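Notes follow the structure.
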Amino acid sequence: MLLSPKHRFLFVHIAKTGGTSVRAALQGRRWADPWYWPMFLCSRFSHLSGHRIATKLPRHAKVVAAKELLPKEWFDALFKFAFVRNPWDLQVSSFHHIRRERPQFLGGHEDFADFLRWKLDPARPYQFHVDTSIELQTDYLIDLHGDIVVDFIGRYERLHEDFDEACRRIGLAGVTLPHRRRAADRERDYRGYYDDATAALVADHFARDIELLGYAFDPADA
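Letter 147 of the sequence shown, counting from 1, is numbered 147 in my numbering, and no numbers are missing.
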């Protein structure tokens, strides 16, 4: 999550949706924000206390955390935005990310289908690096009443165009996304990773995301 008091925006960072690039593009603008150093110091104090004083919004915090912590009039005045991604594609991306950078969390499963079945098994013990990518994306966008409270939902599938639109609404000019590195260890079309059974597993687990965000296994059907 990235909050800018000066530019009055709140970016809700959902894992594996291009958020690292968005943060990198916007992070530099914080240096000119008069509130940057007080926020930085609070962040450091939070770290020193083991985050027991609740002065830092986590990187992947849901929008409801900001809504409950910030004054209502200030929260309402912020331009709140997030990016989402096709759930089937997101799971392929997550698999390759974990295999490449944290293979110890694969649970011994080198095959995508085996890993996915293990990952979505409700009896599996919780592991942050695995479970972050199977949380519903819509959970990041709603308040305690289940209402979507972000002002703009961008799509990973059109990341650059929607980022430009978010910047236009914020009123930021001349901000460009860093070059997005395309993973070299995966097929470009996520559909080749699935059979009917594993595609149905994702469809069932992410049913609310698929319905509310308008995704489909085949983009032509969306």
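Ideal Cβ placement from N, Cα and C applies to all residues, glycine included.
Only a predicted model underlies this, so the values are computations on that prediction, with no experimental measurement involved.
Cβ neighbours of L159 within its own chain (closer than 6 Å, five residues either side excluded): G18. Taking 8 Å as the upper bound for CB-CB distance, V64 and L2 are not in contact here, some 16 Å apart. If you look at R155, you'll find it in the beta strand (DSSP E) that goes F152 to R155. A direct Cα-to-Cα measurement between H60 and I14 gives close to 6 Å.
The continuous beta strand (DSSP E) containing K80 extends over residues F79 to V84. Note on geometry: alpha-carbon atoms of G214 and L90 lie some 15 Å from one another.
Within its own chain, the residues whose Cβ lies closer than 7 Å to the Cβ of R208, once the five positions on either side in sequence are excluded, are L136 and T138, listed in chain order.
With contacts defined as CB atoms closer than 8 Å, L10 and A77 fail to qualify as a contacting pair. Pairwise C-beta distances place the region 97-111 in contact with the region 122-137, as three or more of them are shorter than 8 Å.
Secondary structure of F9 (DSSP, three-state): strand. Per the DSSP secondary-structure output, I148 pairs in a beta bridge with I142.
The three-state secondary structure of L120, taken from DSSP, is coil.
Residue pairing by DSSP places L2 opposite F11 in a beta bridge. In the structure shown, Y193 adopts helical secondary structure according to DSSP, grouped into three states. Residue burial is scored here from C-beta neighbours: A82 has at least 16 other C-beta atoms within 10 angstroms and is therefore classed as buried.
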